[in-house]
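**Student:** Have a look at the structure that comes next, please.
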Amino acid sequence: MKSILMVGQSNMAGRGFLTAVPPIVNENLSMFRNGRWQLMAEPVNFDREVAGVGPAPAFAQAWSQAHPHEQLGLIPCAEGGSAIAEWAPDGPLLRHAIQEAQFAQETSDIIAILWHQGENDSHDHLYQTYPQQLTATLTHLRTALKLPHVPIILGELPDFLGQQGFGLSAVEAPQINAAIHQVAAALPQVYVATATGLTSNPDGIHLDAPSQRRFGYRYYQAFQTQADVTVPAAQEATQVAHLTQSTPTPAERQYLASKRFAQGQGTFADFIAAYQAAQEDPA
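For the sequence shown, full-length UniProt numbering puts the final residue at 283, and the numbers step up evenly by one.
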């Protein structure tokens, strides 16, 4: 089984509205919770009650479509509101992420690390020390996990920061993006996914759900090509839409029936009928 580690702050954890995009349900995708692999369901990175759609499910779905007979797991370790200083090698966030990843390594091979962070460092000239801090964090991750060549994908900060809502204070996002590119250029097998054209929730700081799907696809492109993604793909909208257009398998239909019942959407008889129908009709 393959896996990817998710680290950073809230836009990696995800704050996209869950009802704004079609769900991604795939029996070949899992998430690591309580030391076990469970069927992936959003929000994957439940760091807060307000957790929502993040970039990793779209990355995972794109990977799965390219590897239809393989399993991929997500290891969620992002923490909303965290600054780069809190991801120092001796800090609790990085120590926790390493522990989770090492636990997941007992049953999976980590093939990528996805990073998105910087909103909390986009003010008061904190960008001046950001390259050194980010380099130390990424280097320590690779060393601790004994993965010196694992690809690391860094997401840019979006263009809308510094303009409205909670994002007003993030006035130095362009400088943080320059620092991110500096680190990616200096470290081997570290790549950048552009945030060009992505849009926000009404809060002005968090990517909305459609943008998170696009962002996750760009992360996958950078991973797949082992190169920076500096502009959106010409067919990005079509490719992202394709991520949620597959026909559910019987196992996925059974899961969806269980979810509807658990959320109070229908009776127990409705659940049994849908569950049995999925068993009897593989189409």
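All residues carry an ideal CB built from backbone N, CA and C; glycine is no exception.
Identify, in the order they occur along the chain, each residue of the same chain with its Cβ nearer than 8 Å to the Cβ of L18, setting aside the five sequence neighbours on each side.
**Tutor:** E42, P43, G52, V53, A209
**Student:** Could you compute how far the alpha carbon of Y219 sits from the alpha carbon of V240?
**Tutor:** 12 Å
**Student:** Please go through the same chain and pick out, in chain order, the residues whose beta-carbon is closer than 8 Å to the beta-carbon of E252, but skip the five residues on each side of it.
**Tutor:** Cβ neighbours of E252 beyond the five flanking positions: V25, N26, E27.
**Student:** Inspect the beta-carbon positions of E79 and D47 and report whether they are closer than 7 Å.
**Tutor:** yes
**Student:** Hey, out of F271, F223, A277, E280, whose CA is closest to A62's CA?
**Tutor:** F223
**Student:** Looking only at its chain, what residues have a beta carbon closer than 7 Å to the beta carbon of S64, apart from the 5 residues adjacent to it on each side?
**Tutor:** N26, N28, L29, L72
**Student:** Are the beta-carbon atoms of I113 and I152 separated by less than 7 Å?
**Tutor:** yes
**Student:** To the nearest angstrom, how far is it from the Cα of H125 to the Cα of R33?
**Tutor:** 37 Å
**Student:** For L168, name the three-state secondary structure that DSSP assigns.
**Tutor:** helix
**Student:** Classify T199: buried if its beta carbon has 16 or more other beta carbons within 10 angstroms, exposed otherwise.
**Tutor:** exposed
**Student:** If we ignore side chains and look at the alpha-carbon of each, how far apart do N201 and A185 end up?
**Tutor:** 31 Å
**Student:** Is the region 80 to 97 close to the region 3 to 10, with three or more CB pairs under 8 Å?
**Tutor:** yes
**Student:** Do you know whose CA, among E119, A104, S258, lies nearest Q175's CA?
**Tutor:** Each of E119, A104, S258 was checked against the Cα of Q175, and the nearest Cα belongs to E119.
**Student:** Going by DSSP, which residues form a beta bridge with A193?
**Tutor:** G155, V229
**Student:** Measure the C-alpha to C-alpha separation of A182 and T107 and round it to an integer number of angstroms.
**Tutor:** The question names Ala, but residue 182 is Gln in the sequence shown. For Q182 and T107, the distance between alpha carbons rounds to 34 Å.
**Student:** Whose C-beta lies closer than 8 Å to the C-beta of A66 among residues of the same chain, with five residues either side of it excluded?
**Tutor:** Q224
**Student:** Grouping DSSP H, G and I as helix and E and B as strand, with all else coil, what is Q38?
**Tutor:** strand
**Student:** Anyone know if the C-beta pair for S169 and H123 falls short of 7 Å?
**Tutor:** yes
**Student:** Note down the Cα distance separating L39 from D270, rounded to an integer number of angstroms.
**Tutor:** 22 Å
**Student:** Using the beta-carbon count (16 or more within 10 Å), is M12 buried or exposed?
**Tutor:** buried
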